[in-house]
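Novice:
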């Protein structure tokens, strides 16, 4: 093979690997941004239910037991968060992600409330993470920091955020966790990339060496292939498959901890150099289109989740108004300052005003009933004092008081 052909192979597979890695980085950044917004939403849900946070809001409480494990209670404004599954389930239903609250116990963090389930479908309450977990070092530093990155939980890949929960002394006593599964993102991309061939036999391979699995491109495990054992970013590997000579260029995406290999059969270039060049360029265009479509679908699904959350809020509030349920709905906190966010904020404000009015009317009606009973017992000096919110109830109160004055 002449030097010109070698240089052409090197250039084309390097460009292809760089494009694939760059688009993986775009997707990972999109998921991280969405996770950041979801973490804010999760925290706001806690503040809405249990009051605003201050330096002393989070505290460790008396020891308790969960799944036969003794742990300290985790308190927020005096409310025990241990076993509070409604909070995390509501988050998952509205966002499509998973959420967990951890409490610190020595050198590990124990899940005390989680929507995360294991492979058998059971909640992972009582399970823990320790110093071997990639987030542990960041969240336990003298100046604790938020960890963002890919983790594997219950056999599934997630893009996750672990935020330290600090007490008044700025010590890490727990963690807030939100994450989104990567399975759908992988499948959307794999569906397109698996069909791409570089030349007659070449392909794109993406693998996770840490967890010894292929994302797409090959069957089995990376550990089954000798030439995949010592991968280094920015290098080429020369190897043989079924007696055919191949060159593979290696790239690496640190956010997702994935290696990207572009494999080409050298004979393809020697047989039809010009034709292969066209195929590679066409393959690059397909890759770009596939990744952009996948990114669009991911963003669109996120938008639909937000709209579904607002829709659920409205229907739950109508059920509350119609006395189908006694529990008022949890407000949806806006995750962005866009039109959907403004709509959610306006709905929240109207629901809060309506709930306050209903409570005010309920108080006035209760006091009116007590006044009527007092008058019935012969005390004609009793009067209705509480002021309703409903103007018609205010008018009724005045009429009844005037009758008693006569």
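Numbering (our numbering), first residue to last: 1 to 406.
Glycine residues also receive a C-beta, built at the ideal position from the N, C-alpha and C atoms.
Quick one, which of 251, 253, 263 has its alpha-carbon nearest residue 204's?
Specialist: 263
Novice: Given a cut-off of 8 Å on the beta-carbon distance, is the pair residue 265 and residue 218 in contact?
Specialist: no
Novice: Which residues does DSSP pair with residue 157 in a beta bridge?
Specialist: DSSP lists 152 as partners of residue 157.
Novice: Per DSSP, residue 99 forms a beta bridge with which residues?
Specialist: 178
Novice: Assuming the contact rule is C-beta atoms closer than 8 Å, residue 159 and residue 179 should be a hit. Round their C-beta distance to whole Å, please.
Specialist: 6 Å
Novice: I believe residue 250 touches residue 231 by the beta-carbon criterion, under 8 Å. Please report the beta-carbon distance rounded to the nearest angstrom.
Specialist: 5 Å
Novice: Quick one: using the 10 Å Cβ neighbour count with 16 as the cut-off for buried, is residue 150 buried or exposed?
Specialist: buried
Novice: Are the CB atoms of residue 254 and residue 10 within a distance shorter than 8 Å?
Specialist: No, Cβ-Cβ distance for residue 10 and residue 254 is not below 8 Å.
Novice: From the DSSP output, read off the bridge partner residues of residue 374.
Specialist: None, per the DSSP bridge assignment.
Novice: Between which two residues does the beta strand (DSSP E) containing residue 408 stretch?
Specialist: Outside the displayed range of the chain (1 to 406) lies residue 408, so it cannot be described from this structure.
Novice: Going by Cα to Cα distance, which pick from 114, 243, 110, 370 is closest to residue 97?
Specialist: 114
Novice: Could you pull the start and end residues of the alpha helix (DSSP H) that residue 184 belongs to?
Specialist: 183-193
Novice: With three or more C-beta pairs closer than 8 Å as the rule, is the region 63-74 touching the region 28-38?
Specialist: no
Novice: Residue 153 and residue 164 - do their beta-carbons sit closer together than 8 Å?
Specialist: no
Novice: Is the region 211-225 in contact with the region 40-60, if contact means three or more CB pairs nearer than 8 Å?
Specialist: no
Novice: Can residue 116 and residue 100 be called in contact, C-beta distance under 8 Å?
Specialist: Less than 8 Å separates the beta-carbon of residue 116 from that of residue 100.
Novice: Counting only runs that start and end within the region 96-144, where is the beta strand (DSSP E) found for 3 or more residues in a row?
Specialist: List check, beta strand (DSSP E) in window: 98-105, 108-114.
Novice: Taking the beta strand (DSSP E) that residue 262 belongs to, which residues open and close that run?
Specialist: 258-265
Novice: If residue 112 and residue 125 are in contact, beta carbons under 8 Å, what's the gap, nearest whole angstrom?
Specialist: Residue 112 to residue 125, Cβ: 7 Å. Contact.
Novice: Measure the alpha-carbon distance for residue 245 versus residue 92 and round it to whole angstroms.
Specialist: 49 Å
Novice: Which of the three DSSP states, helix, strand or coil, is assigned to residue 92?
Specialist: helix
Novice: From the DSSP secondary-structure annotation, give me the bridge partner or partners of residue 72.
Specialist: 63
Novice: Are there 16 or more other CB atoms within 10 angstroms of the CB of residue 132, so buried, or fewer, so exposed?
Specialist: exposed
Novice: For residue 184, which of 136, 27, 62 has the nearest alpha-carbon?
Specialist: 27
Novice: Going by DSSP in three states, residue 27 sits in which element: helix, strand or coil?
Specialist: helix
Novice: Cβ of residue 90 within 8 Å of Cβ of residue 45?
Specialist: yes
Novice: Mind checking residue 408: buried by the 16 CB within 10 Å criterion, or exposed?
Specialist: Residue 408 is absent from the structure shown; the chain starts at 1 and stops at 406.
Novice: Going straight from the alpha carbon of residue 30 to that of residue 181, what length do you get?
Specialist: 13 Å
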